[in-house]
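A.B. asks: Just so we're on the same page, my numbering is the position in the sequence shown counted from 1, plus 29.
Just so it is clear, CB atoms sit at the ideal spot from N, CA and C, and this is done for glycine as well.
Sending over a structure as structure tokens; questions will come in a sec.
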Amino acid sequence: MTEDERELIMELVALPYTKFAREAISKQAFLGRFRDGGDGKVLAKELLAEAIESKIADDVECVLIVGFSFGFTKESMGLLLQLLQEGWHFKHEDVVSALADLKAPEAVEALYKVTHWVPSYLEFDDARALAVKAIWALGAVAGPRAQTVLLALSKDQNAIIQQNALKQLWMRAGRFT
30 MTEDERELIM ELVALPYTKF AREAISKQAF LGRFRDGGDG KVLAKELLAE AIESKIADDV
90 ECVLIVGFSF GFTKESMGLL LQLLQEGWHF KHEDVVSALA DLKAPEAVEA LYKVTHWVPS
150 YLEFDDARAL AVKAIWALGA VAGPRAQTVL LALSKDQNAI IQQNALKQLW MRAGRFT
């Protein structure tokens, strides 16, 4: 990804309350100016693959902006799961959010693993935000495997993990029964 492409992607983000205030570029205008245009969801998948190959952390931020602007598809799942395991970027919470939006049973194992993994850049976080987001993502996934994982997490030694898993189990009771 070029610097010009990164700057164009950043225009998808509105900055309303800063000294650099601006409205976001429209999705249509963005697609008209970015490479060959086309489908934003397909573009998100292509940029995911590029970011993983290049291992440039800024590109991960940019591709997530594109993905959250246009949406991720199930075809992006494998790339998102791979990115979740990579330690060279700083956007694991956003990757979990993308997986949460997909509500895919295929993500259950990876989301479970991330509840017990603390990247070095998050070692300061006593609130365990990454684990909490992963638990909430698990709560959005229908099916017995997500339920089993949440039950296991509800017995975790870490109180934050335990409490959030219990809350998700309680919330699921009304949605998936």
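Can you tell me where the alpha helix (DSSP H) holding Q186 begins and where it ends?
C.D. replies: Unbroken run through Q186: none, as it is neither H nor E.
A.B. asks: For K84, count neighbouring C-beta atoms within 10 Å of its own C-beta (all shown protein chains included) and say buried if the count is 16 or more, exposed if not.
C.D. replies: With fewer than 16 Cβ atoms within 10 Å of its Cβ, K84 is classed as exposed.
A.B. asks: Suppose the cutoff is 7 angstroms on Cβ atoms and the five residues either side in sequence are ignored; what does the same chain contact list for L108 look like?
C.D. replies: Same-chain partners within the cutoff: K74, L77, A78, I81.
A.B. asks: If you draw a straight line from the alpha carbon of A50 to that of A127, how long is it in whole angstroms?
C.D. replies: Their backbone Cα atoms lie some 27 angstroms apart in a straight line.
A.B. asks: Please name the residue in E115, F119, G116, L179 whose C-alpha comes closest to that of E138.
C.D. replies: That would be L179, whose Cα lies nearest to the Cα of E138.
A.B. asks: Relative to the alpha-carbon of D68, which residue among G100, I54, I94, M106 has its alpha-carbon at the smallest distance?
C.D. replies: Per the Cα distances, G100.
A.B. asks: If you check the beta carbons only, do I164 and Q191 fall under 7 angstroms apart?
C.D. replies: Against a cut-off of 7 angstroms, the Cβ pair of Q191 and I164 comes out as no contact.
A.B. asks: When DSSP builds the beta bridges, which residues end up paired with R51?
C.D. replies: Paired residues: L44.
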